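Participant:
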Amino acid sequence: MIMERDVNTPQKLSANLAEAMTAAVERVKRSLVAVQNGRHGAGAGVLWRAGGYIITNFHVAGRGSLQVTLGDGRTCAAHRVAGDPEIDMTLLRVDEPDLPAAMIADGRAVRVGQIALAVGHPWGQRDFITAGIVSGLGFAVRGDRRGTIPIIRTDAGLAPGNSGGPLVNACGAVIGINTMVVGGDQGVAIPSHVVEAFVERSLGDRLTKNNYPFRDHHSGVVM
32 MIMERDVNTP QKLSANLAEA MTAAVERVKR SLVAVQNGRH GAGAGVLWRA GGYIITNFHV
92 AGRGSLQVTL GDGRTCAAHR VAGDPEIDMT LLRVDEPDLP AAMIADGRAV RVGQIALAVG
152 HPWGQRDFIT AGIVSGLGFA VRGDRRGTIP IIRTDAGLAP GNSGGPLVNA CGAVIGINTM
212 VVGGDQGVAI PSHVVEAFVE RSLGDRLTKN NYPFRDHHSG VVM
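Using the working numbering, the letters of the sequence shown map in sequence onto residues 32 to 254.
#1: For the pair the stretch 178-196 and the stretch 68-86, tell me if three or more CB-CB distances fall below 8 Å.
#2: Taking the continuous alpha helix (DSSP H) assigned at V91, which residues delimit it?
#3: Three or more C-beta pairs under 8 Å: does that hold for the stretch 135-149 against the stretch 157-171?
#4: Looking only at its chain, what residues have a beta carbon closer than 8 Å to the beta carbon of R105, apart from the 5 residues adjacent to it on each side?
#5: Please report the residue range of the beta strand (DSSP E) in which S96 lies.
#6: With H, G and I counted as helix, E and B as strand and the rest as coil, what does DSSP make of R184?
#7: Along the beta strand (DSSP E) that carries P197, what are the first and last residues, could you check?
#8: What is the C-beta distance between A65 and H152, in whole angstroms, given that I count them as a contact (C-beta under 8 Å)?
#9: Please classify L48: is it buried, with 16 or more other beta-carbons within 10 angstroms of its beta-carbon, or exposed?
#10: Flag this pair as yes or no: are the beta carbons of A132 and N200 separated by less than 8 Å?
#11: Runs of 3 residues minimum, wholly inside the stretch 93-143: which ones carry the beta strand (DSSP E) assignment?
#12: Let me know the secondary structure DSSP gives A204 once reduced to three states.
#13: Start and end of the beta strand (DSSP E) containing V80?
#14: For the beta strand (DSSP E) that contains A65, what are its first and last residues?
#15: Excluding the five sequence neighbours on either side, which residues of its own chain have a C-beta within less than 8 Å of the C-beta of R139, listed in chain order?
#16: Residues in the same chain with beta-carbon distance under 8 Å from K60, minus the five sequence neighbours each way, listed in chain order, please.
#17: Mapping DSSP to helix, strand and coil, what is S166?
#18: Quick one: using the 10 Å Cβ neighbour count with 16 as the cut-off for buried, is V213 buried or exposed?
#19: In whole angstroms, what separates the C-alpha of F89 from that of L130?
#20: From this set, R58, N68, I85, which residue's C-alpha is nearest E231's C-alpha?
#21: Look up A54 in the DSSP assignment and say whether it is helix, strand or coil.
#22: Of the residues C107, E57, G218, which one's Cα is nearest the Cα of Q67?
#23: Just verifying my parser: in three-state terms, what is the DSSP assignment at G155?
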């Protein structure tokens, strides 16, 4: 018996993928912010936890007065909670209720070849999306030269203004935070589980030691 092939199957798969990617982009854009750092530049950030907690790069928010533009266009002051220059992460907080935190995936489950979307504000273009794949997983030397940290490499195009923005999977869940551009279109992100360890350490220290609003962490990443 000869089975007839549905000639519309490729078109249906393409349409389903397009719908899924569009939904993923809309999901993550709700949690995307722009971070302005006075005269020292600007970058992106992502609402990481309920309560107004935002993750961005240390080099984006390491100094100067900070303002954050939310997804709905509102602008508000941001306060530094903690920073770690060795992994290029800063945790911020804004006093705005009911902000939508991003969906976070486990960075340890990331695999080479999976779809990756970089979301940010390259060259001042708000909410810009670039797509690629995870092209490699590896390690980078910490800034203090006392060990290494895991990294995700992607060929999703990055530019100034993408720093601090999320790298997300096809479901719109954050798998990493974009932190630098190395050579052409090759980008680097810190995996989400490393970022989450930094957040947990930061909030725990703040609650128990009242060490607010800012300090530098120099301890290694707990894996």
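Just so it is clear, CB atoms sit at the ideal spot from N, CA and C, and this is done for glycine as well. Keep in mind the model is a prediction, meaning the values are calculated, not measured.
Facilitator: With the structure as the only source:
#1: yes
#2: 89-92
#3: yes
#4: E127
#5: Premise fails: S96 is in no beta strand (DSSP E) and is neither H nor E.
#6: strand
#7: Per DSSP, P197 belongs to the beta strand (DSSP E) from 197-199.
#8: 5 Å
#9: Exposed: under 16 other Cβ atoms inside 10 Å.
#10: Cβ atoms of A132 and N200: not closer than 8 Å.
#11: 98-100, 106-108, 110-115, 120-124
#12: coil
#13: The identity of residue 80 in the sequence shown is Arg, whereas the question assumes Val. Taken as a continuous stretch (DSSP letters only), the beta strand (DSSP E) holding R80 covers 73-80.
#14: Boundaries of the beta strand (DSSP E) around A65: 63-67.
#15: P222, H224, listed in sequence order.
#16: G102, V150, D158
#17: strand
#18: Low confidence applies to V213: its pLDDT is 49, below 50, so where it sits in the model is not reliable enough to give any reading.
#19: 22 Å
#20: I85
#21: The answer is helix: DSSP assigns A54 an H, G or I state.
#22: C107
#23: helix
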